[in-house]
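So the structure is just underneath, and the comments pick up after that.
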Amino acid sequence: MTADTATDSANDSATGTAAAELLATTSLLRFATAGSVDDGKSTLVGRLLHDSKSVLADQLEAVEHASRSRGAEGPDLALLTDGLRAEREQGITIDVAYRYFATPRRRFILADTPGHVQYTRNMVTGASTAELAIILVDARNGVVEQTRRHAAVAALLRVPHVVLAVNKMDLAGYDEAVFSAIADEFTAYAASLGVPEITAVPISALVGDNVVTPSANMDWYSGPTVLEHLETVPVSHDLAACAARFPVQYVIRPQTPEHPDYRGYAGQIASGAFRVGQRVTVLPSGRTSTVEGIDVLGQSVANAWAPQSVTLRLADDLDISRGDLIAPAEEAPATTQDVTATVCHLHDTPLRVGQRVLLKHTTRTVKAIVKEIPSRLTLDDLSQHPGPGELAANDIGRVRIRTAEPLPLDAYAVSRRTGSFLLIDPADGATLTAGMAGDAFAEAAARTAGAAADGAGTDDGWDF
5 MTADTATDSA NDSATGTAAA ELLATTSLLR FATAGSVDDG KSTLVGRLLH DSKSVLADQL
65 EAVEHASRSR GAEGPDLALL TDGLRAEREQ GITIDVAYRY FATPRRRFIL ADTPGHVQYT
125 RNMVTGASTA ELAIILVDAR NGVVEQTRRH AAVAALLRVP HVVLAVNKMD LAGYDEAVFS
185 AIADEFTAYA ASLGVPEITA VPISALVGDN VVTPSANMDW YSGPTVLEHL ETVPVSHDLA
245 ACAARFPVQY VIRPQTPEHP DYRGYAGQIA SGAFRVGQRV TVLPSGRTST VEGIDVLGQS
305 VANAWAPQSV TLRLADDLDI SRGDLIAPAE EAPATTQDVT ATVCHLHDTP LRVGQRVLLK
365 HTTRTVKAIV KEIPSRLTLD DLSQHPGPGE LAANDIGRVR IRTAEPLPLD AYAVSRRTGS
425 FLLIDPADGA TLTAGMAGDA FAEAAARTAG AAADGAGTDD GWDF
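When you read off a place in the sequence shown, starting at 1, and then add 4, the result is the number in my numbering.
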């Protein structure tokens, strides 16, 4: 081995060790970006990655080359996320672009979602697991219908932290009054939807003002930059502290000479924790048993918690298959065949009353029928339009569904994982609608509009 090779090996080892230490000592934040067309989402993401030194040299070189071929004088940082040819040609984001980066204080998974109204449905995908959403507004245009739509989707998906990034402040003369008016209007609207925390930041993604470094052009703003807020916002949700839920994905029966009687139930713990000796209920059958063993990566353990992938072994031989849910006997959810939910319709074909669908909940898929569509949300004033008869693409509304088999469905306010579901077209398997069980979002909007709420229940903080 040459001296240079030894040095390179040592450097690689040191880098790997530093990366491992960073992984072990930093928390993880999942966040999504949204906004109208040309508000600068992709530029913001590119600026965030570039200024936080999260762009590899070859990536930056490729962006610079693509920018020069389009006649740009400098690198177009939006190209760091707009990877599809159609996106680059049209200058818009079409698909959800995921990016992974880290700073010394935190690790991030970022979902850059499309802004065009045609692709609003993609925001549901990007924000469904997000703990924070950045909603961009063009300082010259203010709050528009698509801004309200994105705020409604963030509230519907119960994203606990929302950042309003008022972009292109350089084109608005860095005027504090412009920023304040937009921030006040958006904050009032989002608060009326029940969003628990809203932070407004004036930025210029193109120039870099208040994205990673504080802006010298807006000395009237004393709050955090976008990155500072991302690094410090509390990520307090602990899945292990919630009621335990284990959707069964696969039944393991090796039936080998070494394991002639082994019967295990494999899957990922959706929430909570399980322990050996715990009394559990299997749903929807309602049969009970005791956790006899827990296997993780081939090793027996006494405890396991979300989001670990494990194999549970029960003391009794029960009829359990894919789609069943194992939960603590004292905290088992009720089963139901009548589902009331708030939904966002994703497909170009409208969802209609009487339509037969498949409902996919965790690992279980059952036949269902849309019994009623009580209302559709009007984004302008948050009023409920009663009896629309159907929901078109990107519509948010309420539905009542009857399933062929009982489901152990939690309220979405309690669990984003076991309170959500998809409606699927049985003919071709296309995803039609994303659903959130319960009425909390619709009731909050109805109360704001002065309408009578349909159902009961309150939500005091979105600690799901």
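C-beta: ideal position from N, C-alpha, C; glycine also.
Asked: In whole angstroms, what is the alpha-carbon distance linking Pro258 and Phe278?; Found: 23 Å
Asked: At the level of alpha carbons, what is the spacing between Ala415 and Asp43?; Found: 35 Å
Asked: For the beta strand (DSSP E) containing Ile428, name the first residue and the last one.; Found: 424–428
Asked: Using the three-state DSSP reduction, which class does Gly297 fall into: helix, strand or coil?; Found: strand
Asked: Please state the DSSP three-state secondary structure of Tyr193.; Found: helix
Asked: When burial is assigned at 16 or more other CB atoms within 10 Å of the CB, is Ser419 buried or exposed?; Found: buried
Asked: Between Ala176, Val100, Thr422, Val170, which lies nearest to Phe35 when the distance is taken from Cα to Cα?; Found: Val100
Asked: Tell me whether Pro164 is buried or exposed, calling it buried when 16 or more other Cβ atoms sit within 10 Å of its Cβ.; Found: buried
Asked: Alpha carbon to alpha carbon, how far is Leu436 from Val361?; Found: 9 Å
Asked: Specify the secondary structure class of Asp174 as computed by DSSP and reduced to three states.; Found: helix
Asked: Excluding sequence positions up to five away, which residues of its chain have a Cβ less than 6 Å from the Cβ of Ala169?; Found: Ile138, Leu140, Val205, Ile207
Asked: With distances taken between CB atoms, is the gap from Arg103 to Leu114 smaller than 7 Å?; Found: yes
Asked: When the Cα of Ala274 is compared with those of Thr292, His233, Gly327, which residue comes out closest?; Found: Gly327
Asked: Counting C-beta neighbours from all protein chains within 10 Å, is the total for Arg469 16 or more, i.e. buried, or is it exposed?; Found: Residue coverage of the chain in this structure runs from 5 to 468, which leaves residue 469 outside it and unanswerable.
Asked: So, using beta-carbon positions, are Phe112 and Leu33 closer together than 7 Å?; Found: yes
Asked: For the alpha helix (DSSP H) containing Leu243, name the first residue and the last one.; Found: It is not in any alpha helix (DSSP H) - Leu243 carries neither H nor E in the DSSP assignment.
Asked: At which residues does the alpha helix (DSSP H) containing Thr47 begin and terminate?; Found: 45–55
Asked: Let's see if you can read the secondary structure: which residues bound the beta strand (DSSP E) around Ala415?; Found: Neither: Ala415 is in no beta strand (DSSP E) and is coded neither H nor E.
Asked: By how many angstroms is the C-alpha of Pro264 removed from the C-alpha of Cys348?; Found: 48 Å
Asked: Should Ala372 and Ile405 be called a contact, given that it needs their Cβ atoms to be closer than 7 Å?; Found: yes
Asked: For Pro200 and Glu235, I'd like the C-alpha separation in whole angstroms.; Found: 19 Å
Asked: Secondary structure at Thr107, three-state DSSP: helix, strand or coil?; Found: strand
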